[in-house]
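Data block below; observations after.
Chains as they are written, first to last, in our numbering: chain Y, 1 to 201; chain P, 1001 to 1193.
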């Protein structure tokens, strides 16, 4: 078989070239689609973000202006006066809510039969704590000690301390007890005046 | 080889040129449009985040101002109600609460009044509340005293038991002696009334 090429221009593998061209065309087409898609997507996103930001900025400006307007109606001196008055009223209400009857109930349930209370002087200190000076008369030191233990066991009394003791003419033991009383706090907020205090933003 | 490529290029020029132009156009579009746009979006995201933070802060600020206004209004209303409906209106009202009502209550329960003093106190600085302080001494048995204190505490009149002392009488079998320090308050207006 004769193997010779008689053409004046040798041919090349056109199929490969066409395929490469097709691939290049596809690549360019892909790039175009990518670019167009990115432009559309980014434009939309940009518009949306700017709209959201603008809306938020506008709303923030409106809220700041409204807050300023509200604050203009709040006179600082007036607020301080109202706040001080509310504090004063609450202090008075606290004192009114303190139950002496409950205190007597506690003392009655803890008092042993051999001990009697001869004097009672409750005092409210600066921080609102009730400190009782209870003068008790008992036959023996054990009786007074039992009373002190019973007071602390109720958890309504703490820091029970016999401040002074002496023997009476009748031979009984007289003790002056110092007791810190912690009343039930469940009703402590009832009927109180709300205090005025602005939280800082 | 070079000749072949030149020939291929020459024969397929109709394809190569548009493809090259399209490729360059794509590169140009990316450099001039897509990339700057993506930077704009990043900036817009930053701005949107800042705006959202600013909005949250402004909301807090507004809520805080409104809460202060509401608290002031409520406190003012509560104080007004406390001054006018709970406390005696003036010194006369305070006196009638501690003088007549307490005396009537003690009498009803069989307590014997031994001693009474009344001291009106002017409002402290920055306060508008006057105070009528009463010291009273009663004699009676334990149950009467307990009932008296209970009724005083549960009475609608605003009387505060500031201090109390309970002591046995000097002689055996003598009644207990209750010394009470009571206070009631009333609003003193700026003209002193």
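Note that CB positions come from ideal geometry on N, CA and C, so glycine has one too. Here the structure is a predicted model, which is why all the values come from computation and not from measurement.
- Under the three-state reduction of DSSP, residue 178 of chain Y is assigned to strand.
- By the CB criterion at 9 Å, residue 151 of chain Y and residue 106 of chain Y fall inside the cutoff.
- The residue among Y:162, Y:94, Y:60 with its C-alpha nearest the C-alpha of residue 1160 of chain P is Y:94.
- Taking the beta carbon of residue 163 of chain Y as reference, no residue of chain P falls within 9 Å; the closest one sits roughly 16 Å away.
- Nearest in C-alpha terms to residue 1181 of chain P, of all of P:1004, P:1134, P:1140, is P:1134.
- Under the criterion of beta carbons closer than 8 Å, residue 1140 of chain P and residue 1110 of chain P qualify as touching, at roughly 6 Å.
- Between residue 1051 of chain P and residue 52 of chain Y, the gap from beta carbon to beta carbon is short of 9 Å.
- 9 Å or more divides the Cβ of residue 120 of chain Y from the Cβ of residue 180 of chain Y.
- Against chain P, the beta carbon of residue 45 of chain Y has neighbours under 7 Å at 1041, listed in chain order.
- Interface with chain P (9 Å Cβ-Cβ cutoff): residue 17 of chain Y is included.
- For residue 1141 of chain P, the secondary structure class from DSSP, reduced to helix, strand or coil, is coil.
- For residue 1163 of chain P, the enclosing beta strand (DSSP E) stretches over residues 1160-1167.
- Cβ neighbours of residue 1158 of chain P within its own chain (closer than 8 Å, five residues either side excluded): 1086, 1087, 1088, 1097, 1184, 1185.
- Any Cβ of chain Y closer than 9 Å to the Cβ of residue 1104 of chain P would place that residue at the interface, and such an atom is absent.
- Here the alpha carbons of residue 1042 of chain P and residue 1079 of chain P stand approximately 54 Å from one another.
- Residues of the segment 1056-1070 of chain P whose Cβ lies closer than 8 Å to any Cβ of chain Y, in chain order: 1057, 1058, 1059, 1060, 1061, 1062, 1064, 1065, 1066, 1067, 1068, 1069.
- With its beta carbon at least 9 Å from every one in chain Y, residue 1090 of chain P lies outside the interface.
- Short of 7 Å from the beta carbon of residue 141 of chain Y, and not among the five residues preceding or following it, lie these beta carbons of its own chain, in chain order: 173.
- Within chain Y, not a single residue places a beta-carbon under 8 Å from that of residue 1136 of chain P; the smallest gap is close to 14 Å.
- For residue 1099 of chain P, no CB of chain Y lies under 9 Å from its own CB, so it is not counted at the interface with that chain.
- The bridge partners DSSP lists for residue 157 of chain Y are Y:181.
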